[in-house]
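To start, the structure under review is shown below, and the notes come after it.
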Amino acid sequence: MKKTSFLLALCYGMFLVACTSSPDDKATDESNDSTIDQRVENILSTLTLEDKCGEMTQLNLDMVCVGEPYNLEKPNKLDSAKLRKVLVDLKVGSILNQGGQAYSREKWFELINEIQRVATQEKKSKIPVLYGIDAIHGVNYTTGNSLFPQQIGLAATWNTELAYEMGCISAYETRASNIPWTFSPVLDLARDARWPRHWETFGEDPLLASDMGENVIKGYEGDDVSSPYHVASCLKHFLGYSVTLTGKDRTQAWVPERQMREYFLPTFKRAIDAGAKTLMVNSGEMNGIPVHANHEILTTLLRDELGFEGLVVTDWEDIKYLRDRHRVAKDYKEAIKLAIDAGIDMSMVPVDYDFPVLLKELVEEGEIKESRLDESVRRILKLKMQLGLFENPVMNFDDYPDFGSEKHANSALNTARESITLLKNNNQSLPLGKERILLVGPLTNNLNALIGGWGRTWQGVDTSFNNPSKKTIFQAFSESDKLEVVHHETSLNPDFKEIYEAVLKTKGIKTAVICMGEMPYTETVGDIEDMNLPEGQYELVKQISEAVDNLIIVLVEGRPRIISQIEPLADAIVQAYLPGNEGAQAILDIISGEVNPSGKLPYTYPRYASSHSTYDHKTTDLIDPKFGLNAFYPQYEFGHGLSYTEFAYSNLSISSDSISCGDSLTVSVDVKNIGGLAGKEVIQLYVRDEVASITPAVKMLKGYSKIDLSAGETRLVQFNLTCQDLEFVGIEMERITEEGDFNLMVDTLKIPFYLK
Ligand code: BGC
Ligand code: BGC
């Protein structure tokens, strides 16, 4: 399905900050490719075996700094002896990360300028270092930058233009930090809400996540990644990372080939076709094989089938983990051989000096062919060249007047506003008029909670690097003249006394806004035993609900924690996700009616802690005909999200009641804003295959389009449907179509057609 959203978004009159091209320009540097290939060969022919092993090594910044890894001396500074050891002796080609905290731009220039000076002047090969960073919602490890909503919020905008814009701005600010490579985006699908990296994804649907991913990548890479305003992206984590049996990070996943191809591969395929430069491997094991040791996934599938030509980097320490965690190698050396044989190009070692030494031994002992190393080193050198690092190993500090600018902050604000999803709004409880409210709960006054993990630090909880001008919800609410605020902040699991005090404060107040959910976490640290929130948060809602007339819940959470026990008590519920630095303002704008909400859930919100399903489940998940149990009974459906206005759908029609391969169908529907306010609506087109040889899903998203309608306005919205949109992974594991009946669904309208 061709995305109509680009054009529509342009109609919003959005300013493509920091971007020199439009997202439809393909990210290629093909004209340069043959020259680059020749230059790469010239350099490669001069390299020693040691140089090659070094190029394939990536170390953490800690390894060249004063102090011990994970425990650097503060302030962090380079240790010149270590730097020489790493770059000149071991010839290491890449460095990543920060030393446990965010740095100013000045500090990043100080560090990386010196690293590049040693690499390009003191190292014999003079090859510049490839520096990589987790800049996943803006360049989070640079203080004063613009922090966007996390990916899950970006997906909730259903606006690919915003994804592109975030990519552009993040790339600009990453280069402004002297860094040319980001470990983003996450293309894993969130099909299990327990997973602690749920918020790092674009949600559960392959189409929405592919569109978002492709646009972020085009924003990152532009049409010339050597530009000082673009960076290389890194698709992660290939493949099957997000659906562990336990719901916990880096535990075993079993992903049958059909599921893998139907759901988990498309996001990566689309990104690779869009020209993405690098890819990171899944840390976990899939089907009993750690992915870092899986030749079939990393070579047969990734290289031979998907045609990926870019650089493959391991995840953190994952070669060592082949021995320490997965126990498929008896020692580090055997682990290295396994990973190289499987197809990795660069090892994110990142905290020992042994990798290049052992790799060299393996080649000398005949265990690995030097020609195999050449393949990887070619890719590494090519990327460094494409990024322009040979010409400009460091950026020019003064080239970035828009770093952390108001213009960039406005884009982050706009994205946060479009992401926030109104889940419930009984009797138009929202928006609030100018009134006195009680603002209460554990997350009322915490900027970090809005930013989430990969904040200024890895876990996102340290407050020392926050931008002091960015507001917490309490600050934004109390500084606004739209509301009068009585504030009561509680702990994450408020006890009887805290709740009692909160209730006392409701005296004379009709409306309470409760901000509840989760504090930041990243990766394994975010594993949970229970999808329920701490009991005290529910108790707070119960007690407050008895004391006020109008109860508004604002959810600040990285994954959909269970709210069914208190949902009936709320008059309105606002899902804020992890909205970033501008989140508090965006929440205020939604609650006060300054902005009409238009976010839609990019996932299915579960009702019960043990009941998970996705919107595209099978008919057998729908209902148990014998006992009348509802198996699929989520709290809120995928794609759900209310507005302060109302939209009416009519005249769903198709250009023909049958389609054959080679043709396309035009689907049309009238959408009218029948309320009294302008608003944005996401028109969602679903297709249901009535009968197929592989049990069909109840429906699958095949198109969507976000439009802006003024009060009373009607718009004809059209989609183009082709045979490809009706494909599924058949018995032979290939994408096929089958003749038969289908149904199209938009809102509550439905229309049949036949595939010949
Ligand atoms: C994470 C990756 C991240 C890398 C570098 C790993 O632990 O899984 O997503 O890019 O570390 O920080
Ligand atoms: C993370 C890094 C982090 C490190 C600290 C890794 O898993 O990806 O970003 O600095 O753990 O232990």
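For the sequence shown, numbering that gives the first Met the number 0 assigns the number 0 to the initial residue and increments by one for each residue that follows.
Even glycine gets a Cβ: it sits at the ideal position worked out from N, Cα and C.
All values derive from a computational prediction rather than experimental measurement.
Only counting the same chain, and skipping five residues up and downstream in sequence, which positions put a Cβ closer than 6 Å to that of residue i?
{"i": "T142", "result": "A101, S103, F464"}
{"i": "S282", "result": "R249, D314, D317"}
{"i": "E121", "result": "V87"}
{"i": "M285", "result": "G239, A252, V254"}
{"i": "V594", "result": "R416, D588"}
{"i": "P493", "result": "G535, L539"}
{"i": "S209", "result": "P265, T266, R269"}
Using three-state DSSP, classify residue i as helix, strand or coil.
{"i": "E737", "result": "coil"}
{"i": "V185", "result": "strand"}
{"i": "K235", "result": "strand"}
{"i": "R174", "result": "helix"}
{"i": "I586", "result": "helix"}
{"i": "Y262", "result": "helix"}
{"i": "K506", "result": "coil"}
{"i": "V63", "result": "helix"}
{"i": "D688", "result": "strand"}
{"i": "L129", "result": "strand"}
{"i": "W453", "result": "coil"}
{"i": "P289", "result": "strand"}
{"i": "L676", "result": "coil"}
{"i": "K25", "result": "Confidence at K25 is low in this model, with a pLDDT of 45, below 50, so the placement of that residue should be treated as unreliable; the coordinate-derived value is given next. Coil, per DSSP."}
{"i": "P751", "result": "strand"}
{"i": "S375", "result": "helix"}
{"i": "T243", "result": "strand"}
{"i": "E390", "result": "coil"}
{"i": "A328", "result": "coil"}
{"i": "T713", "result": "strand"}
{"i": "D620", "result": "helix"}
{"i": "N139", "result": "coil"}
{"i": "I318", "result": "helix"}
Taking Cβ positions, are residue i and residue j nearer each other than 8 Å?
{"i": "M699", "j": "D615", "result": "yes"}
{"i": "Y520", "j": "P195", "result": "yes"}
{"i": "F637", "j": "D323", "result": "no"}
{"i": "G598", "j": "I513", "result": "no"}
{"i": "L58", "j": "V87", "result": "no"}
{"i": "E517", "j": "G459", "result": "no"}
{"i": "L676", "j": "T644", "result": "yes"}
{"i": "Q564", "j": "Y537", "result": "yes"}
{"i": "Y262", "j": "R193", "result": "no"}
{"i": "V668", "j": "I682", "result": "yes"}
Can you tell me where the alpha helix (DSSP H) with residue i in it begins and where it stops?
{"i": "Y331", "result": "331-341"}
{"i": "Q536", "result": "534-546"}
{"i": "Q474", "result": "472-478"}
{"i": "L153", "result": "150-155"}
Can you list, in chain order, the residues of its chain with a C-beta nearer than 7 Å to that of residue i? Leave out the 5 residues immediately preceding and following it.
{"i": "K469", "result": "L446, N580"}
{"i": "H294", "result": "D340, A341, G342"}
{"i": "A575", "result": "I419, V553, L554, V555, G582, I586"}
{"i": "I508", "result": "R435, I436, L437, V485, V547"}
{"i": "D330", "result": "R322"}
What residue from the options has the CA that sits closest to residue i's CA?
{"i": "Q427", "options": "N144, S642, E405", "result": "S642"}
{"i": "Y228", "options": "L129, S169, L207", "result": "S169"}
{"i": "Q542", "options": "K504, V555, I561", "result": "K504"}
{"i": "H236", "options": "V312, G711, Q258, T299", "result": "V312"}
{"i": "T47", "options": "V376, L146, F182, V460", "result": "V376"}
{"i": "G592", "options": "K671, V485, E497, L431", "result": "L431"}
{"i": "E49", "options": "T298, L357, I132", "result": "L357"}
{"i": "P349", "options": "Q97, C233, F396", "result": "Q97"}
{"i": "T713", "options": "I730, V697, E680", "result": "E680"}
{"i": "Q115", "options": "N719, K383, L207", "result": "K383"}
{"i": "I335", "options": "A80, L361, G92", "result": "L361"}
For residue i, report the span of its beta strand (DSSP E) as first-last.
{"i": "K268", "result": "No beta strand (DSSP E) contains K268, which is instead part of the alpha helix (DSSP H) from 265-272."}
{"i": "S667", "result": "663-672"}
{"i": "E488", "result": "483-488"}
{"i": "N59", "result": "56-59"}
{"i": "K81", "result": "No beta strand (DSSP E) holds K81; the alpha helix (DSSP H) holding it covers 79-83."}
{"i": "Y648", "result": "646-653"}
{"i": "L700", "result": "699-708"}
{"i": "G797", "result": "Outside the shown range of the chain, which is 0 to 755, sits residue 797, and nothing can be said about it."}
When you measure from the CB of residue i to every non-hydrogen atom of ligand 4, does any distance come out below 7 Å?
{"i": "L95", "result": "Judged by which ligands are present, ligand 4 is missing from the structure shown, whose ligands are ligand 1 and ligand 2."}
Which same chain residues, not among the five before or five after residue i, have their C-beta less than 8 Å away from its C-beta?
{"i": "F741", "result": "V686, R687, D688, E689, L725, P751, F752, Y753, L754"}
Is there at least one Cβ from chain C nearer than 8 Å to residue i's Cβ?
{"i": "M211", "result": "Looking for chain C here will not work: only one protein chain is present."}
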